[in-house]
């Protein structure tokens, strides 16, 4: 199950709280509601639980291991906000069937309108399953319509990783 996180800085409060917490969804909702009651002064209620659940985000995963599979996708567009919206819609539509573990999108500072997305999967097989999913196929088709050139894919098997922290 994908871990979730919630960050108090995303909901400004008079307390100025900066706490971020993560965990599996149900335990995180319980902990966040208790925190919001104790620290932020909100009364515990079903409405608060639902609001917390809506504010949860997938926790980024940074534990890529040997044998994982990484795709680099270079694409060109002058409509990046629309592509970002499509990516959010894709994530919601594919839900628990998503095999991608994390992704980063960067804008190329030297070539305006050029972007690179890096997507990590636990294996090549998981990446191929993701690509074959009908929701992903629709997403790719729609991104193609918003791109000024054909996207370029680089498929990489992870040989080793280095943690610089």
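In this note's numbering, the protein residues as written are -19 to 145.
Even glycine gets a Cβ: it sits at the ideal position worked out from N, Cα and C.
Looking only at C-alpha atoms, which of 87, 50 and 80 sits nearest to residue 64? For the purposes of this step, residue 64 is taken as residue 84 along the chain shown, with counting starting at 1. Per the Cα distances, 87.
As assigned by DSSP and simplified to three states, the class of residue 26: As a working note, residue 26 is residue 46 in the chain shown. It is helical.
Element boundaries [alpha helix (DSSP H), containing residue 125]: To locate residue 125, count along the chain shown from 1; it is residue 145. Where residue 125 is concerned, the enclosing alpha helix (DSSP H) stretches over 114 to 126.
Is there contact here, the segment 43 to 63 with the segment 20 to 27, by at least three beta-carbon pairs under 8 angstroms? no
By Cβ distance below 6 angstroms, which residues in the same chain neighbour residue 132 in space, the five residues on each side in sequence not counted? For the purposes of this step, residue 132 is taken as residue 152 along the chain shown, with counting starting at 1. So the list reads 54, once near-sequence residues are dropped.
Below 8 angstroms CB to CB, which residues in the same chain sit around residue 139 once its five sequence neighbours on both sides are set aside? The residue labelled residue 139 in the question sits at position 159 within the chain shown. Same-chain partners within the cutoff: 46.
For residue 85 versus residue 97, is the C-beta spacing smaller than 8 angstroms? Residue mapping note: residue 85 aligns to position 105 of the chain shown, counting from 1. Residue mapping note: residue 97 aligns to position 117 of the chain shown, counting from 1. Cβ distance < 8 angstroms, so residue 85 and residue 97 count as in contact.
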